[in-house]
Amino acid sequence: MNIFRLTGDLSHLAAIIILLLKIWKSRSCAGISGKSQILFALVFTTRYLDLFTSFISLYNTCMKLIYIGCAYATVYLIYAKFRATYDGNHDSFRVEFLVVPVGGLSVLINHDFSPLEILWTFSIYLESVAILPQLFMISKTGEAETITTHYLFCLGLYRALYLFNWIWRFYFEGFFDMIAIVAGVVQTVLYCDFFYLYVTKVLKGKKLSLPA
Amino acid sequence: KEVTDGKDEL
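Chains as they are written, first to last, in our numbering: chain A, 36 to 247; chain B, 256 to 265.
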């Protein structure tokens, strides 16, 4: 555990909590892609199956349970409790174009051809692209609420901090996981355009809106 | 350590 890893985890946690609170307080999931949230729930479910097979640490177990719990709570709020506010017409990204290739890739390129390892690999690949339905939705409507942009910033920052964590671990522990690193780079790159808009617009007090 | 062991990172 190093400072980048810890702050990365906390940034991830902050993102998840921000989204849950935004939906809960406003009693609305307008502007939020339910498809991205289903993908994240799928990511956590397939990645944290090792909860049943091995114990790493209390921190590890607690965070995994919180992430999974919050992911399903978010999906529940969007598709059940506040379903009337869900903007399904703008959430039109075809997720099968992500899930099918990612499934194929995780069977082809993995560390070990075992069910748990393939599912872990699937979750890593899927997480790297799971935000695309949300970004697609914003590009379609041309705007995002400020609180939604804070959520996206924390979510992008988390993976960027993990990149520093992997650099740290490579230098000081000789550890590296090529699958996680490549997917993490892809994931972080997908946020770059958004990071630029966040810094140039949102941090200067303007609403994030894209030119028509 | 086996790769199929539990993962430390989240």
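Positions of the beta carbon are idealized from the N, C-alpha and C atoms, including for glycine.
Going by the CB atoms, is the gap between residue j and residue i shorter than 7 Å?
{"i": "A3/A", "j": "T120/A", "result": "This structure leaves residue 3/A out entirely; chain A is present only between 36 and 247."}
{"i": "D122/A", "j": "L265/B", "result": "no"}
{"i": "T96/A", "j": "L55/A", "result": "no"}
{"i": "V78/A", "j": "E162/A", "result": "yes"}
{"i": "M172/A", "j": "D126/A", "result": "yes"}
{"i": "L243/A", "j": "T184/A", "result": "yes"}
{"i": "L190/A", "j": "A50/A", "result": "yes"}
{"i": "Q252/A", "j": "S61/A", "result": "Absent from the model: residue 252/A. The displayed extent of chain A is 36 to 247, so no value can be given."}
{"i": "T235/A", "j": "A195/A", "result": "no"}
{"i": "T81/A", "j": "L143/A", "result": "no"}
{"i": "N200/A", "j": "F39/A", "result": "yes"}
{"i": "Y186/A", "j": "I53/A", "result": "yes"}
Measure from the alpha carbon of residue i to the alpha carbon of each residue in the options, then state which is nearest.
{"i": "L41/A", "options": "L192/A, L170/A and I103/A", "result": "L192/A"}
{"i": "F117/A", "options": "Y160/A, K57/A, T81/A and V135/A", "result": "K57/A"}
{"i": "D212/B", "options": "A215/A, F148/A and I53/A", "result": "Residue numbering for chain B in the displayed model covers 256 to 265; residue 212/B lies beyond these limits and cannot be assessed."}
{"i": "Y114/A", "options": "L187/A, L86/A and S68/A", "result": "S68/A"}
{"i": "L84/A", "options": "L151/A, V142/A and D147/A", "result": "L151/A"}
{"i": "F128/A", "options": "S174/A, F199/A and I153/A", "result": "S174/A"}
{"i": "F188/A", "options": "R82/A, M36/A and F229/A", "result": "F229/A"}
{"i": "G112/A", "options": "S141/A, A76/A and F199/A", "result": "One point to set straight first is that residue 112/A is Leu, not Gly, in the sequence displayed. The option with the nearest alpha carbon to L112/A is A76/A."}
{"i": "K241/A", "options": "W59/A, H146/A, L86/A and I182/A", "result": "I182/A"}
{"i": "A32/A", "options": "T176/A, S149/A, L198/A and A106/A", "result": "One cannot answer for residue 32/A here, as it falls past the ends of chain A, which runs 36 to 247."}
{"i": "V220/A", "options": "S46/A, V164/A and Y102/A", "result": "V164/A"}
{"i": "C227/A", "options": "L167/A, F210/A and R204/A", "result": "L167/A"}
{"i": "A106/A", "options": "R204/A, H47/A and H146/A", "result": "H47/A"}
{"i": "M213/A", "options": "T176/A, Y102/A, G177/A and T156/A", "result": "T156/A"}
{"i": "G104/A", "options": "E208/A, F211/A and I73/A", "result": "I73/A"}
Could you tell me whether any Cβ in chain C is nearer than 7 Å to the Cβ of residue i?
{"i": "A218/A", "result": "Considering every chain present, this structure includes no chain C. Its protein chains are A and B."}
Should residue i be listed as close to the ligand ADP, given that the test is whether its C-beta is under 6 Å from any heavy atom?
{"i": "K116/A", "result": "The ligand content of the structure shown is nil, which means the ligand ADP is not present either."}
Runs of 4 residues minimum, wholly inside the stretch 72-113 of chain A: which ones carry the alpha helix (DSSP H) assignment?
Counting whole runs of 4 or more residues, the stretch 72-113 of chain A contains the alpha helix (DSSP H) stretches 93-111.
The stretch 157-171 of chain A in contact with the stretch 136-148 of chain A per 3-pair CB rule at 8 Å:
Taking a contact to require three or more Cβ pairs closer than 8 Å, the stretch 157-171 of chain A and the stretch 136-148 of chain A qualify as touching.
Under 9 Å, CB to CB, which of the residues in the stretch 86-119 of chain A have a partner in chain B?
L86, T88, S89, F90, I91, S92, N95, M98, K99 and Y102
Identify each residue in the stretch 198-213 of chain A for which the Cβ-Cβ distance to at least one residue of chain B is less than 7 Å, and report them in chain order.
none
For the stretch 42-55 of chain A, which residues have a beta carbon sitting closer than 9 Å to at least one beta carbon of chain B?
G43, D44 and H47
Using a Cβ cut-off of 8 Å, which residues of the stretch 141-174 of chain A contact any Cβ in chain B, in chain order?
H146, D147, S149, L151, E152 and W155
In chain order, what are the residue ranges of uninterrupted alpha helix (DSSP H) at least 4 long that sit wholly in the stretch 173-214 of chain A?
181-208
Which ranges does the alpha helix (DSSP H) cover as unbroken runs of at least 4 residues, wholly within the stretch 117-177 of chain A, from first to last along the chain?
131-143, 150-164 and 167-176
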